[in-house]
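Below is one structure; the comments refer to it alone.
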């Protein structure tokens with residue numbers, strides 16, 4: 005589109021499945037969490053279900069380390085999958101001796117209040133979308149319990165009216181002597197004691213991508229004379245909690261990174277301290293963001309803290325470090341996100357996931373075929389395109405192209421006759437695997453047959469239905485400054501297919517970064533992007549597809565000359581179809597205030613029959629967004645098409661006006677993610 009037109013007790017493990025959302029995704033596509041509400045059996049039953057990809061998920065961090073006779077943490081993946089809606093069924097399967105994947109598909113009230121279900125080994129307990137909620141109690145993992153995963157749940161409201169409660173030990177999750185435990189993507193709040201307690205020599209624990217809030221005591225670790233606990237705490241949003249954020253006592257190795265600690269000014273909850281290294285703890289604290297926290301980092305004289313890359317905004321009191329600690333990478337691989345990205349990343353990515361799942365069935369899902377790509381020759385193929393070429397035409401089931409870390413400078417096309425393809429990075433971060441090229445619309449083709457055009461400039465072009473990408477970066481690094489004499493549109497990713505699922509990716513460019521298209525004007529093309537980044541400046545999310553950008557970060561970028569001006573979306577929606585929906589996300593970037601529009605109508609080819617649509621809802625907008633966020637394009641008025649907002653926040657949001665239409669509550673009920681996706685439920689595979 006044109007703007008004008010370690011220790012001996014550790015055995016190091018190189019895991020194939022390294023997980024964290026959105027930081028890292030496994031080779032099995034492990035970030036699809038929940039089952040879709042409404043797709044289950046009657047409420048009284050606990051039903052067998054299919055084996056969706058998240059059932060095979062394994063942990064990262066210390067929970068991934070081989071030790072104590074346990075080969076990492078994978079929960080109940082070897083057992084039956086059951087869906088539960090009652091306390092009796094949840095307790096039945098959680099306490100069983102056999103492995104289970106237990107899908108919680110309802111709000112379950114604990115009786116009596118404060119009840120903690122005694123979870124047995126080899127269990128995965130995962131919420132179905134946002135419907136999996138435990139109210140008035142939680143889970144207890146006793147001595148020797150191991151290989152447990154708790155994900156995608158809301159555990160809340162055991163509070164008994166006493167703020168610093170010394171009587172009721174009602175935790176969300178408590179461990180006393182457990183090992184190999186992964187707590188991931190949960191919302192834990194408003195309990196009577198702590199939210200998470202890791203006690204009595206519990207070890208090989210990873211706590212990732214959780215929201216911890218509205219509690220006196222967030223997260224306690226230790227309370228033992230022994231110095232054995234190994235724990236990884238990353239990508240957690242700890243907000244409006246007074247103490248233990250966390251408090252870490254006598255931990256052998258405590259690795260904290262990319263966490264967001266926030267004390268909101270003017271509320272009744274005031275932090276007394278943030279990260280605390282107590283006793284003989286050795287702590288490494290990296291790339292975390294502290295906002296408004298009193299005494300953000302403190303340590304005992306006997307403890308150590310090594311700080312690297314942390315940011316402190318509006319904090320006061322003690323901020324300490326000292327001593328030597330350890331190198332986390334001697335135990336496991338990990339990749340840091342930039343500290344500046346942490347608040348937005350966690351606001352959009354922490355806590356339970358809502359829209360990913362599968363329908364209930366008694367049949368096990370077919371195993372995917374996996375092809376490996378590696379630049380160093382250690383894979384089956386040296387290029388991504390070579391692996392795509394190896395996929396048979398008309399392939400009936402999933403083919404996963406697992407791409408090892410590296411920069412792959414190539415063009416990739418997935419043709420329409422090769423459906424069910426997944427391309428995913430196998431590294432610890434989506435930054436590790438990069439597919440990049442530098443064609444632009446005006447770049448001459450090498451055969452002399454003209455230029456590529458906008459769509460033809462794409463680094464990665466997807467024309468096959470049921471495509472998935474995860475845990476990688478797709479980029480177009482065309483140098484606008486060096487090529488001012490040609491058309492500047494330079495697409496990173498073009499989709500022209502239905503049921504395209506983009507999870508945990510970065511799509512980066514300048515003008516026309518992400519083209520969400522359809523195979524033809526009369527064809528439906530649905531795209532669901534989640535836990536991802538889109539980076540650009542001019543019309544950088546555009547096209548006629550029915551596209552959802554959910555729980556992601558949209559990063560505004562300056563132009564080649566350093567100026568700030570641009571447009572986020574340019575839909576070219578066909579009449580009576582859904583266009584572009586941005587929901588539950590963050591729009592920000594290092595650009596000038598009031599310099600970007602949220603969108604403008606692209607009537608491709610001057611087609612007046614089109615009815616472009618962009619809705620931006622429940623999204624944080626930075627001051628870069630103009631107070632009049634929509635504008636005309638090529639003689640077509642935005643007011644004649646469909647542009648609206650709903651309950652956005654941030655400095656760039658604004659009240660309803662003729663220049664800033666807002667959906668009513670009634671209208672918003674018809675503009676939900678499910679309205680865009682229809683009968684398709686994106687399922688990681």
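Residue numbers (the numbering used here): 5 to 689.
C-beta atoms are modelled at their ideal positions from N, C-alpha and C, and glycine is treated no differently.
Should residue i be labelled buried (16 or more other beta-carbon atoms within 10 Å of its own) or exposed?
i, result
"residue 166", "exposed"
"residue 171", "exposed"
"residue 222", "buried"
"residue 448", "exposed"
"residue 218", "buried"
"residue 595", "buried"
"residue 633", "buried"
"residue 550", "buried"
"residue 346", "buried"
"residue 393", "exposed"
"residue 72", "exposed"
"residue 450", "exposed"
"residue 210", "buried"
Does the beta-carbon distance from residue i to residue j come in below 8 Å?
i, j, result
"residue 77", "residue 153", "yes"
"residue 109", "residue 87", "yes"
"residue 684", "residue 530", "yes"
"residue 384", "residue 376", "yes"
"residue 690", "residue 587", "Here the chain has residues from 5 to 689 only, and residue 690 is not among them."
"residue 618", "residue 583", "yes"
"residue 124", "residue 149", "yes"
"residue 240", "residue 254", "no"
"residue 252", "residue 287", "yes"
"residue 681", "residue 552", "yes"
"residue 544", "residue 504", "no"
"residue 303", "residue 326", "yes"
"residue 440", "residue 481", "yes"
"residue 689", "residue 374", "no"
"residue 410", "residue 437", "yes"
"residue 576", "residue 616", "yes"
"residue 180", "residue 208", "no"
"residue 635", "residue 604", "yes"
"residue 136", "residue 156", "yes"
"residue 314", "residue 294", "yes"
"residue 648", "residue 606", "no"
"residue 511", "residue 467", "no"
Taking only three categories from DSSP, how would you classify residue i?
i, result
"residue 388", "helix"
"residue 487", "helix"
"residue 127", "strand"
"residue 571", "strand"
"residue 95", "helix"
"residue 364", "Note on residue 364: pLDDT 28, under 50, position unreliable in the model; the coordinate value appears next. Of the three classes helix, strand and coil, the one that applies to residue 364 here is coil, per DSSP."
"residue 380", "coil"
"residue 182", "coil"
"residue 273", "coil"
"residue 343", "helix"
"residue 330", "coil"
"residue 643", "helix"
"residue 600", "strand"
"residue 634", "strand"
"residue 353", "helix"
"residue 84", "strand"
"residue 704", "Residue numbering for the chain in the displayed model covers 5 to 689; residue 704 lies beyond these limits and cannot be assessed."
"residue 75", "strand"
"residue 320", "strand"
"residue 293", "strand"
"residue 680", "helix"
Can you give the beta carbon distance from residue i to residue j, rounded, assuming they're within the 8 Å contact cut?
i, j, result
"residue 258", "residue 283", "That pair is no contact at about 11 Å."
"residue 442", "residue 483", "7 Å"
"residue 597", "residue 628", "6 Å"
"residue 626", "residue 592", "4 Å"
"residue 324", "residue 301", "6 Å"
"residue 206", "residue 352", "Between residue 352 and residue 206 the Cβ distance is about 30 Å, and since that is not below 8 Å, they are no contact."
"residue 189", "residue 355", "6 Å"
"residue 158", "residue 197", "Not a contact, Cβ separation roughly 18 Å."
"residue 533", "residue 506", "4 Å"
"residue 446", "residue 490", "3 Å"
Practice task
Decide if the segment 409 to 419 is in contact with the segment 444 to 461; the criterion is three or more beta carbon pairs, one per stretch, under 8 Å apart.
Solution key: no
Practice task
Kindly confirm or deny that the segment 486 to 501 and the segment 514 to 524 touch, where touching means at least three C-beta pairs closer than 8 Å.
Solution key: yes
Handout entry: Cβ pair count under 8 Å reaching 3, the segment 92 to 111 against the segment 122 to 133
Key = yes
Handout entry: Stretch-stretch touch, CB-based, cutoff 8 Å, three pairs: the segment 318 to 338 with the segment 63 to 81
Key = yes
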